[in-house]
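Trainee: Got a structure for you, written out below as C-alpha cells; questions coming shortly.
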Amino acid sequence: MAILEGRFVINGVEKVLSFEADATLLQALRDGGFSEVKRGCDTGECGACAVVLNGDLVTSCKVYAASVVGSEILTAKGLGTVQKPHPIQQAFVDAGAIQCGFCTPGMVMATYALLSKKPDPTDEEIRRALDGNKCRCTGYVKIFDAVRLAAERMRDHG
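Residue numbering for the sequence shown follows UniProt numbering, beginning at 1 and increasing consecutively.
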C-alpha cells in the first residue's frame, strides 16, 4: 500500500502525518501520537474517536485521512492542559463525569461542538449532541450535569 503524507493543522499546530492511502483519520492521528483520540468500535457507533474537523464534530474512524489533508483538527488535548484545563474539561472533573475515562475525550469534543453553536442548550439538545457517544461506566446523569455546568461557566465567564 502506498504511503502518503499530508499537512494538517492539529490543535493549532501544523503537522505532517504519514499514512497509508486507505487509512482513516483515526489511524493517522493515533500513528501521529495523538493518543487522546481513542479507538473504540471502528464503525462510528461509539464516539470515542470524535474530533472537531473544520468546525464540525466527526467520528474520525469514518473519515479517510487522505480526504481531509489540509484540514484543521481539534482534539481534546487541544482544548486545555492539565495545568489549565478548558472549562468543559474542568466541568467533567467537577461533576464527577469521568470514570474509566475512555469515552471522555469524545464526550468532551461533542460537548465542545455543541456549546460552540448552542451556548445555552436544552436537555434535548444535549441528548442529541451526545447521542453518538457511548459510555459503558455511567448512567449519563453526571455527563449531562457536566455539559450543563460547562455551559453555565462558559456563559458566565465568556
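By construction, the Cβ of each residue, glycine as well, lies at the ideal position given by its N, Cα and C atoms.
(1) Closer than 8 Å is the cut-off here; do at least three beta carbon pairs connect the region 86 to 104 with the region 18 to 29?
(2) Assuming E5 contacts S18 under a Cβ cut-off of 8 Å, what Cβ separation, rounded to an integer in Å, is found between them?
(3) Could you work out which residue in C100, Y64, T122 and A48 is closest to T75 when comparing CA atoms only?
(4) Among residues of its own chain, excluding the 5 on either side of residue 182, which ones have a beta-carbon nearer than 7 Å to its beta-carbon?
(5) So for Y112, helix, strand or coil by DSSP?
(6) Under 8 Å, do G106 and K38 count as touching if we go by C-beta distance?
(7) Please determine, among E45, A50, E20 and G40, the residue with the shortest C-alpha to C-alpha distance to A110.
(8) Alpha carbon to alpha carbon, how far is G70 from G44? Give it in angstroms, no decimals.
Mentor: The answer reads as follows:
(1) No, the region 86 to 104 is not in contact with the region 18 to 29.
(2) 5 Å between Cβ atoms; contact.
(3) A48
(4) The structure shown has nothing for residue 182, since the chain only spans 1 to 158.
(5) helix
(6) yes
(7) A50
(8) 22 Å
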